[in-house]
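**Q** Here you go, one structure.
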Amino acid sequence: MPNYTSPEHFHRLMEEYPDTICKKTGCSYDEKNKLFSIDAWTVQYEVDPGGERIYTKNNQQPLHDFFEIFLLHYLIEEKTIQPTGEWISEKDMTGGVTFFRGPHDIPTDRIVEKFGNDIDRFGQECEKFSGSRIEMADMAYRFEIFPNIHVALLYWIGDEDFPAEAKILYDSSLLDVFALDVIFALAIAICDRFADGIWTE
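Reading the sequence shown from the start, the letters are residues 1 to 201 in full-length UniProt numbering.
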């Protein structure tokens, strides 16, 4: 598997007091084995800072490799994240219009390719991934990726004039904490999970 994380991220994690990280993020810490454990969108991850490794518990299928970038930044972030309840798109973010294009274009078309106009199937998949229905678009769901990390996935049915469309929105608090490339890593993981149907009981 390609390594998208940096040793610096693990070193920063080792420099922090585990109790501080756990209180801030809702993770747990195994003092004996020096491991952080955290539930990430129904997948249980363990982070080994000393061994510079991230893996899932009980042979669960991990999310996209890019998700490890977001996971580490979430753990080492110094700010306490407080959701605002205000939804924004990537283009609403400062610098987002320039950044989120070309190689950083968010591939929500993969979600559309999977569901087409089958919005009921889309809803079933969202509920399988612990989504909560919200009143936006033709159908939309909110997800809590980590404690206080909220995103929404919106879906519009296509017709003779406009094709079906999917869009990710983010609680505006994410922009106060994460750089655009870190948010992009999260977006890739979301698209990949819905397109490939990654699910672990």
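C-beta: ideal position from N, C-alpha, C; glycine also.
1. Val47 bridges to which residues according to DSSP?
2. If you draw a straight line from the alpha carbon of Ile54 to that of Asp48, how long is it in whole angstroms?
3. Assign Leu63 to one of three DSSP states: helix, strand, or coil.
4. Pull up the CB-CB distance for Ala187 and Ile168, whole angstroms please, since I reckon it's below 8 Å.
5. Can we say the region 73-89 touches the region 58-65, given the rule of at least three CB pairs closer than 8 Å?
6. Less than 6 Å between C-beta atoms, sequence neighbours within five positions excluded: which residues of the same chain meet that for Met14?
7. According to DSSP, what are the bridge partners of Arg142?
8. When you compare each of Ala189, Glu16, Thr5 and Ile183 to Phe100 by their alpha carbons, which one comes out closest?
9. Hey, residue 214 and Phe10 are a contact pair by Cβ (cut 8 Å); roughly how many whole angstroms apart?
10. Does the region 81-98 come close enough to the region 144-156 to have 3 or more Cβ pairs within less than 8 Å?
11. Quick check on DSSP: helix, strand or coil for Lys167?
**A** Reading it off the structure:
1. Your numbering for residue 47 matches position 47 in the sequence shown. Paired residues: Phe36 and Ile54.
2. Numbered from 1 along the sequence shown, position 54 holds the residue referred to as residue 54. Numbered from 1 along the sequence shown, position 48 holds the residue referred to as residue 48. Between Ile54 and Asp48, the C-alpha separation is close to 6 Å.
3. Residue numbering aside, residue 63 sits at position 63 when the sequence shown is read from its first letter. Coil at Leu63, not helix or strand.
4. As a working note, residue 187 is residue 187 in the sequence shown. As a working note, residue 168 is residue 168 in the sequence shown. In this structure, Ala187 and Ile168 form a Cβ contact; the two beta carbons are roughly 6 Å apart against a cut-off of 8 Å.
5. no
6. On the sequence shown, position 14 is the one that residue 14 refers to. Here the set comprises Pro49.
7. Position 142 of the sequence shown, counted from the first residue, corresponds to residue 142. Arg142 is bridged to Ser132 and Ala152.
8. Along the sequence shown, one-based indexing puts residue 100 at 100. That would be Ile183, whose Cα lies nearest to the Cα of Phe100.
9. The displayed coordinates of the chain run from 1 to 201. Any statement about residue 214 would go beyond what the structure contains.
10. yes
11. Here residue 167 is taken as the residue at index 167 of the sequence shown, counted from 1. Correct three-state label for Lys167: strand.
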